[in-house]
Amino acid sequence: MKNNKNLVLDVSNLEVEYRTQEGVVHAVNGVDIKLPRKSTLGLVGETGAGKTTLALSIMRLVPSPPGVITGGSILLDGQDIFSLKDKQMEKIRGKDVAMIFQDPMTSLNPILTVGEQISEVIRLHENVSQKQAEARVKEMLELVGIDGERMNEYPHQFSGGMQQRVMIAIGLVCNPKLLIADEPTTALDVTIQAQVLDLMRGLKDEFDMSMIMITHSLGIVAEVCDYVSVMYGGRIVEYGSVRDVFKNTKHPYTEGLFNSIPIINAAKRLEPIPGLMPDPIELPTGCVFWPRCSYAIEECKKDVPQPKYFNDTHYASCIRYEEPDFKLKGR
Amino acid sequence: MLKYIIRRFLLLIPVIIGVAAIIFFIMSLMPEDPVRIILADSDPDPIMEETLRKELGLDKPVIIQFVDYMKGLVRGDLGLSYKTRLPVFNEYMKRIPNTLYLSFGAMAVALIVALPIGIISAVKQYSWFDNLGMTFIFLGLSVPNFWLGLLLILLFSVKLGWLPGGGIDNLGIILPAITLGTGSVALYARMTRASMLEVIRQDYIRTARAKGLKEKTVVLKHALKNSLIPIITVVASQFGHAMGGAMVTETIFAWPGIGRFMIEAVNKRDRPVVIGCVVMLCIMISIIQLFVDILYGYVDPRIRTEITKD
Amino acid sequence: MTNKTVNEIKNGSTIGKRKSISRRQDAWIRMKNNKFAVIGMFVFGAIILMGIIAPFVVDYEQDVITPQMENRFKSPNVQNWLGTDALGRDMFSRLVYGTRISLFVSLSAVVLSVTVGVIIGSVAGYFGGNFDLIIMRFIDIFASIPSLLLSITIAAALGQSIGVMILAIGVAGIPALTRTVRATVLSIRKQDYVLAGTAMGGNSWQIITFHLLPNCIAPIIVQGTLRISSAILQCSSLSFLGVGVKPPMPEWGNMLSEGRNFMRQAGYLTIIPGLTIMITVMAVNLMGDGLRDALDPRMKR
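Protein chains in written order, with the numbering used here: chain A, 90 to 420; chain B, 101 to 410; chain C, 284 to 584.
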């Protein structure tokens, strides 16, 4: 598999639950991620699949109560973050690993200027003077395409796209090794989406960092990512390079996702995946997807399927691949 | 900014007229004859009564009386007290500083106690501190403040002799301020807690944590300042109702403020005093409200741009 | 191919779907689970009971009103559970009778506030426009007078009796109720089922009564309950200040006021009536808080 020294992120068998009044929500159920340096991973799945919880776990920001990490390990650049004390974790956040969130309007503090919010990160992690910090702030703003003079303005004075750029600036200003972007463009208009994605692609190269792009859009994955993980019901059902997963789709759920995308020139009808996402409090036994899977058999209800590898990096967790001739219908 | 202030004052006028009208008409329902009240000490003299009646305009219909009164108000003339024949305006101005002194003292006491309770309760939600704080708050809300005042006097003045039960000096303000403040503590603490809870749930707090800030910094720098806005609202709007509480507190502690003055006036059916004081209070509260709104602008930049826009 | 029927696939799975319960059931369950609210309900119920059976247990003429000068200032003992007051009257009997007055006044006042508030609030909220503007301006003006002052003025102008107290306290409570009702009506009005009601041909009054008001009941109950506690406090305050019911009627505030003069000799005269007020108010507040938590789905802990 992979040389562990080369991994900027090594998640093994992560399990996270939320203990609520209504019951225990199994948000993440045994997830592995091996992310090499300088590569971008797309984390795809519908709402409720556990993507955000996974991301928050890497930052150790899972709200607790009610969230509890019940199993697994996360190594950030070789360091076991679960063994760190709070103080040590605070040093890592914002500096070695940074996160940007979905809705920039609510993710920025309305009563602090944009410049303050960026310089806050700098002065927290680096020993610089006020003036130096300000210069860095201006630099960052220019880098993300905002006029540096605007650093004393407040978030509400910016448009949605610009606010997200500010968020990106905050995330990148300390040159993190890993940037986690949780649906950064979902709340933006389509044209602005393209701009922000462009920006992120450029910055990724310039800063030489790894990125996890959480999204429910396969299109974005195709644009920006090297690898893709498909998540469903708190588990990764398929993983591989973008090329492998897109051209050589193996898991029925992934196939279903692709079939749900309208293709303009195709004569085919849209085939939505029937049924609803499972209630995370009462997950189905065996394979999480079997209630909605058109390929499901009795065996699927029994055990959680193990990943089956198709090449060095491409795997899918589907028990039907134990049959020698099993193939998806294709699209 | 100036336009904003002027606009606020203009809006104030119908309110003053309305308030004065309401009180005026309610008091005109009282059965006692004002003239008899004024001349209570002298023997009944029909001629003098008639003269006085005409002089005070009490023979005219109530509506005309009201209009005359409003005309006087514009000139700054609030009439003369039935009992003392002194100008109401002067009597008000003589006493209002005492009430303000007491009210601000009470507010300070309340905030000093309430803010930490509210903040810690919110940050450590569901902890033993939170539960204790909530219980304390709850008790504070249920305690009748006049009873509390009496209890404090009973304990600290009568039994222990530590603090005086009246008088307007530095020691004398302690018990009344605590009494008056208690009613507010519960409200402020609750509001602070609710506001902090609301703010802590916000996305930008998550962003702040993601930056690696210490939790203490997150709470104090990011959460608290944002929480202040609703708290200021509550403190300001409470002020009017604190006036009601002040009346009772001043009565118990014989505090020479406007609250006690008004209650005595109501009991003595001294109409000009009652109406005059209510109107003046109304104006004062509105001015305070205006200051508070400007204070908002200082705390919340979104409102600042709104105010300075015109 | 697969072992599933087409229908099974089409309908998806029922695994993992949560049971749903009606809102009323949900509210009741939450109320029951809230220990404090239940305690509050029981205490309040006990107090009401005490008020109801008062005439059967205590003789008004003898125990409550008539002075018995030889019995003055007795601390709580076996004969007089809560002691006697300055005129030798049994405190316990007076308190029990005081319950009747306080409860009657506050409950009636709240009924008044709620009735008027519902009428004005629903009309203002439903019809909106200038009508709403004028009404609410008026209510705002009303509300800017401190409620205690308003009550005192009304009581002073109209005399000292139970009826006047009810009027005074009730009127002071109208603005808050009106605002609550109006706010609820405004939020519901825009929703679709009101539109449906209109489409079915109902006139304004029908819509208000059958569609809007039933949904206002929850906030009204919560507000109303909390108003009861402030009404009790106001009632005592008014009596304490001398504008409520006249002595020798045993209203709690009156008793406090009387006790105040004798703090040196008989501290308990000050403590006991106030304690009663506080316990009653606490019970009502617990109930009200419990109701609010139970009926407002957004306030889940």
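Backbone N, C-alpha and C define an ideal beta-carbon position, used for all residues, glycine too. If you're wondering where the values come from, they're calculated on a predicted model, not measured in any experiment.
Simplified DSSP state of residue i, which is helix, strand or coil
i      : result
B:A214 : helix
A:R108 : strand
A:R119 : Just to set this straight, residue 119 of chain A is Gly in the shown sequence, not Arg. Looking at A:G119 - three-state DSSP - the assignment turns out to be strand.
C:T285 : Residue confidence for C:T285 is low, a pLDDT of 41 falling below 50, so the modelled location carries little weight and cannot support an answer.
A:E327 : strand
A:L404 : It should be pointed out that residue 404 of chain A corresponds to Tyr in this sequence rather than to Leu. If DSSP states are grouped into helix, strand and coil, A:Y404 belongs with the strands.
A:T142 : helix
C:K529 : coil
A:K125 : According to the sequence as given, residue 125 of chain A is Pro; it is not Lys. Strand at A:P125.
A:Q168 : strand
A:K227 : helix
A:K397 : strand
C:Y261 : Chain C is shown from 284 up to 584; residue 261 of chain C falls before or after that span and cannot be answered.
B:I383 : helix
A:A270 : strand
B:L313 : coil
C:I500 : helix
A:G160 : strand
A:L96  : strand
B:M130 : coil
B:P144 : coil
Under 7 Å between C-beta atoms of residue i and residue j
i      : j      : result
C:W535 : C:I504 : no
C:A392 : C:A514 : yes
C:P502 : B:G340 : no
B:A365 : B:V374 : yes
B:V299 : B:S337 : no
B:G376 : B:I273 : no
A:Y316 : A:S306 : no
C:M333 : C:V388 : no
C:S519 : C:V528 : no
A:A405 : A:E327 : yes
B:F229 : B:I237 : no
A:R254 : A:V226 : no
A:V210 : A:I259 : yes
Any non-hydrogen atom of the ligand PLP closer than 6 Å to residue i Cβ
i      : result
A:G375 : This structure does not include the ligand PLP; it has no bound ligands of any sort.
Cα-Cα separation, residue i to residue j
i      : j      : result
B:T282 : C:V567 : 19 Å
C:Q517 : C:V399 : 19 Å
A:P380 : A:G364 : 8 Å
B:V188 : B:K368 : 15 Å
C:M582 : B:L297 : Low local confidence applies: a pLDDT of 43 at C:M582 is under 50, so the model's placement there is unreliable, with the coordinate-based value given in what follows. C-alpha separation (whole angstroms): 12 Å.
A:S101 : A:S153 : 21 Å
B:K317 : A:V151 : It should be pointed out that residue 317 of chain B corresponds to Thr in this sequence rather than to Lys. Going from the Cα of B:T317 to the Cα of A:V151 covers about 19 Å.
C:N316 : C:C499 : 24 Å
C:I403 : B:I383 : 27 Å
A:E371 : A:I362 : 20 Å
B:L287 : C:M352 : 44 Å
A:A270 : A:I189 : 5 Å
A:E272 : A:G134 : 11 Å
A:P155 : A:G112 : 11 Å
A:C407 : A:L103 : 19 Å
B:R371 : A:D192 : 59 Å
B:A354 : C:R543 : 13 Å
A:T280 : A:L230 : 20 Å
Specify whether the segment 295-307 of chain A and the segment 118-132 of chain A touch according to this definition: at least 3 beta carbon pairs, one from each stretch, less than 8 Å apart.
-> yes
Three CB pairs or more closer than 8 Å across the segment 102-118 of chain B and the segment 375-390 of chain B = yes
Cβ pair count under 8 Å reaching 3, the segment 287-303 of chain B against the segment 207-217 of chain B = yes
Inter-stretch contact (C-beta, 8 Å, three-pair minimum) for the segment 162-175 of chain B and the segment 343-362 of chain B = no
Would you call the segment 410-418 of chain A and the segment 401-417 of chain C touching, i.e. three or more CB-CB distances under 8 Å?
-> no
Using 8 Å as the threshold, is the segment 320-328 of chain A in touch with the segment 340-350 of chain A, meaning 3 or more CB pairs across them?
-> yes
Contiguous beta strand (DSSP E) assignments of at least 3 residues, all confined to the segment 523-579 of chain C = none
Spell out a yes or no on whether the segment 567-578 of chain C and the segment 316-325 of chain C are touching, meaning 3 or more CB-CB pairs, one atom from each, closer than 8 Å.
-> yes
Does the segment 191-205 of chain A come close enough to the segment 306-316 of chain B to have 3 or more Cβ pairs within less than 8 Å?
-> yes
Continuous beta strand (DSSP E) assignments of at least 3 residues falling wholly in the segment 291-379 of chain A = 299-304, 316-321 and 324-330
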